[in-house]
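Under the numbering used here, the first residue of the sequence shown carries the number 49, and numbering increases by one thereafter.
Single-structure report; data block below.
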Amino acid sequence: MGPGVNRLAHFAAATALASSLAYLLAGPAHAQNRAAGAQPKPAAAAPAKPQDRMVVDARELVYDNDKKTVAAVGDVQILYQGRTIEADRVVYDQGNKRVTAVGKARITEANGTVITGDKFNLTDDFRDGFIDSLRVVNPDKTRFSAPRAERTDGETFVFEKGIYTACESCKDNPERPPLWQVRAARIIHKKSEQTIYYEDARVEFAGIPMAYIPYMSGPDSTVKRKSGFLSPKFVNTSALGYGVGLPYFLNLAPNYDLTLTPSYFSRQGFLGQAEWRHRLMNGSYTIRAAGIFQQDKDAFLPSPLGPRDKEFRGSVETSGKFFINPRWTVGWNASMSTDRWFYKNYRIRNESLSNTTYLQEAISTAYLNGQSESAWFDLRGYYFQPLNYQDWQKQQPVVLPVLDYDKRVHKPSFLGGELSFTANITSLTRDTAAFVELPQQKSYLITTPSYSLYDGCAVYDKNRCLVRGLAGNVSRATAQVSWRRNIIDPLGQMWTPYASVRADIFSVNPDTSGVINSRVATIADTSDEVFGRVMPAIGLMYRYPFVAKTDWGTHIVEPVAQIVARPNETNSLRVANEDAQSLVFDANNLFEWSGKFSGFDRVEGGTRANVGALYTGRFGKEAFANLLIGQSFQLGGRNSFASGDLLNTGLNSGLDTRNSDYVARAQLSPFKGFFLTGATRLNATTFEAQRIDAAATYANSIITASVGYGRYEPQPDLGITRRREGLSLNGSLKVAENWRLRAGVLFDLDKYKYDRENYRTAYASYLAAPAVAAMPVYPNTGPFQTASTSFGINYTDECTVFDVSYSQSYADRQAGSTKDTRTVMFRLELRTLGEISYSQNLSSSSSSDGVSSSN
């Protein structure tokens, strides 16, 4: 038989099988009507839906009239109701209305699920039946297998001696067990409930049983949200004992839900937590609450070092954001707790915690924000709750309101260039004045034989005390308009003229009532005064890039010169400097038009010139380098940075002399993945480094490494009497496929000096009164004193995340810690099953936890 005859025979067989199966499977009612002699009306016969039509392809067709069967043999493929059935042989039994598929049998569902087995025994609509040697691969790559399975009602799978996993099979050795799998006596998958049930199950890792679970259930891969228990949370601390929390998620509606987390601690009893989430058409909000009636209050320190006086402890948090329209949003992020130790003691998640401040605090804020392509508006208020026993709540300001507005007009017709408008309104209130003692903090507002709290001053005068904040109310309104334009002449030189005018109005009303606030009368005017200032400015910047091309790169050298003329700053000692207390002079603000103070309370005055040179180089496709070095000069008028305010802002900044310190910044990347960065400030006469920041990083697919170094000289006028120096080393290494090690260490390179200073002080006290004072022990710390260490190991693949880490933070009085803290953390995430995490503090808690040292 020739090829053409073969093709014709295959086509005839496939057509005959398609006709037979389509007639038998898709139209049994129609066949019965014809057998009864009924004459169906053509007008009543509806055409078959596309998904009900059967498409069959096979090599040959075998009829058995005695058994009333039709068999399709050889590369059989049937498309029916969105499913694709493939096998070596498919037999339809008309009498039993069963379809049997054998030999590489495979069903592909409409959603992409692939079911394979040695033998399928199904109903004529392929919905129900039995499958031998079943294997199911879902679209999300989860897998089921079983020696035998049954599907009923078209939606329930029962896997006898089933196995479930979300891990892919090993490509080199498919018979090897996956990293993890759940083996159960029965696995029941009910699609209508979107739930998988496991009976008499055990969890295996690499084929080794690790955990036995009599019964469990979980959502299938189609579930996005469903009520049920979440992964448990485990805690073990000296103050709480052993604890476990079991969250329960309530899917109340598609747009809102509730999570309840009851937790039990062997030492403190039950802790209740609830989280409500609600999404609306234009935004969403969240409310979280937690509370406990403690059983053992003695586990904590007494007030003011701890919460021993608290029987009930709890917190309330809320956050939200709503879009009024595409440009305007309103939102909030607020939290409040019964005490400052609650979040840390009970491991409560708090999104309001500040991650930028050294001493931790919870920042609550509410805001209204609007922005467009050329304007920005922000109105908000702040409330600060300190979370460290060394901070006093009454010294924290309530800031309300803070209004910022910025508007830029590009190329105004009458001027060209850019015209900008800036406005700021800030008002804050504080109950108790905050002080810092000079030259070194030795006095405290509360002093006992065992502890000292809250910074104070022994003598409250300008030379011996800094005022971080006045008690009472301080308000300021600022408005500024500025203009600048870039002009390039025929030689390629760039000239930038600049002009601005700024006006400020202050209202200062200090509170001098009470024992502490009355002492501020020697520093600030106690009268409720309103005063203002106006600061005009004109300036010019010059830049001229020189470009050179060589065989090894392109080089641009650009000298930059800027001059800004202003009248003298006024009222610097009358201004309660609240928002411009931080001043770091470096290459980033060398050419700042609006001045080098960080906020609005202070304003730069006098005539100043800033000069520098910028180098930029490109080498090949990836290598580059840039360098900026410059200096600032006070040409005329009074130097604002040499005139200290109530906090001496500007002094020891490198700008408080006529010729400023030199500042430099550099970046270098010799090849892909390797970066060197550095910044420094050098004394103008001795060239000694006053600030150094340097870092080196390298990263590729195998290794990541970083080195950071910082050194800052003392600033005695600001109350910083010691040099600060530190070195950090961090890195990770891929040791095998999916495995990565990481480690980090932070060295305090200056602590040994501090320890020796304390020893000398204690030794002098001993010599003065040996009968009273104890003989101090000479410190054994060295230059490379470790401040913190951490290391861990991580495994991540398509189905598993495993992470174990150890961290140690050493005692630091400034952070409120008197003892080292050592913590081990464990986390295991099995995709689709859930996550288990656990942390264990290996040392007794520090005093910053408010926990009794006897525990």
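Backbone N, C-alpha and C fix where the C-beta goes; we use that ideal spot for every residue, glycine too.
About 6 Å separates the beta carbon of Gly654 from that of Arg614, a gap short enough to meet the 8 Å contact definition. Taking Ser813 as the centre and dropping the five residues before and after it, the same chain places the C-beta of Ala821 closer than 7 Å to its C-beta, in chain order. Contact between the region 702 to 719 and the region 595 to 615 is not established, with fewer than three Cβ pairs separated by less than 8 Å. In this chain, the alpha helix (DSSP H) harbouring Asn806 covers Lys799 to Ala816. Beta bridge pairing from DSSP links Ser646 with no other residue. Relative to the Cα of Phe207, the nearest Cα in the group Gly255, Ser181 and Asp503 belongs to Ser181. In this chain, the alpha helix (DSSP H) harbouring Asn393 covers Phe390 to Asn393.
Between Ile133 and Ala149, the CB-CB gap stays under 9 Å.
For Gln419, DSSP records a beta bridge to Trp424. Distance between Arg273 and Thr880, taken at the CA atoms: about 13 Å. For Met873, the enclosing beta strand (DSSP E) begins and ends at Thr869 to Leu878. Counting along the chain, the unbroken beta strand (DSSP E) around Asn381 starts and ends at Trp376 to Ser385.
If the five residues before and after Asp454 are omitted, its C-beta is found closer than 6 Å to the C-beta atoms of Trp424 and Thr470, all from its own chain and listed in chain order. Sequence-distant partners of Ser468 (beyond 5 residues in either direction) whose C-beta falls short of 6 Å from its own C-beta, in its chain, are Arg456 and Ser530. The region 380 to 394 and the region 353 to 368 touch, with no fewer than 3 CB-CB distances between them shorter than 8 Å. Sequence-distant Cβ neighbours of Gly684 in its own chain, meaning closer than 7 Å and more than five residues away, are Gly654 and Thr655. Cα atoms of Tyr858 and Ser491: separation of roughly 25 Å, rounded to the nearest angstrom. Only buried fits Pro445, as 16 or more other CB atoms lie within 10 angstroms of its CB. Distance from the Cα of Ser279 is smallest, within the candidate group Asp268, Val271 and Val292, for Val292. Closest by C-alpha distance to Tyr811, out of Lys799, Leu797 and Tyr826, is Tyr826. In the structure shown, Ser566 adopts helical secondary structure according to DSSP, grouped into three states.
Counted as a single uninterrupted DSSP element, the beta strand (DSSP E) harbouring Gly122 occupies residues Thr117 to Tyr128. Within the same chain, Ser717 and Thr745 come within 6 Å of Phe723 by CB-CB distance, once the 5 residues on both sides are set aside. For Pro460, the closest of Asn707, Ser422 and Leu694 by C-alpha to C-alpha distance is Ser422. The shortest CA-to-CA distance from Glu223 to any of Val378, Gln738 and Ser193 is the one to Ser193. Judged by pairs of C-beta atoms under 8 Å, the region 583 to 592 does not touch the region 557 to 570, as fewer than three such pairs exist.
For Ile340, the enclosing beta strand (DSSP E) covers residues Gly331 to Phe341. Within its own chain, the residues whose Cβ lies closer than 6 Å to the Cβ of Thr164, once the five positions on either side in sequence are excluded, are Arg154 and Arg183, listed in chain order. Just measuring C-alpha positions, the residue of Thr837, Glu846 and Pro195 sitting nearest Ser853 is Thr837.
Between the alpha carbons of Gln316 and Gly898 lies a gap of roughly 15 Å. Distances from the alpha-carbon of Ile340 to those of Arg395, Gly276, Leu676 and Val110 put Arg395 closest. Here Asp845 has Cys215, Leu227 and Asn786 as same chain residues with Cβ atoms under 8 Å from its own Cβ, once five neighbours each way along the sequence are excluded. A contact between stretches requires three or more CB pairs, one per stretch, nearer than 8 Å, and the region 502 to 512 fails this requirement with the region 537 to 552.
Taking each of Val110, Ala635 and Thr809 in turn and checking the Cα distance to Arg729, the smallest one comes out for Ala635. Our two residues, Ala525 and Leu353, have alpha carbons roughly 39 Å apart in a direct line.
The continuous beta strand (DSSP E) containing Glu208 extends over residues Thr204 to Glu208.
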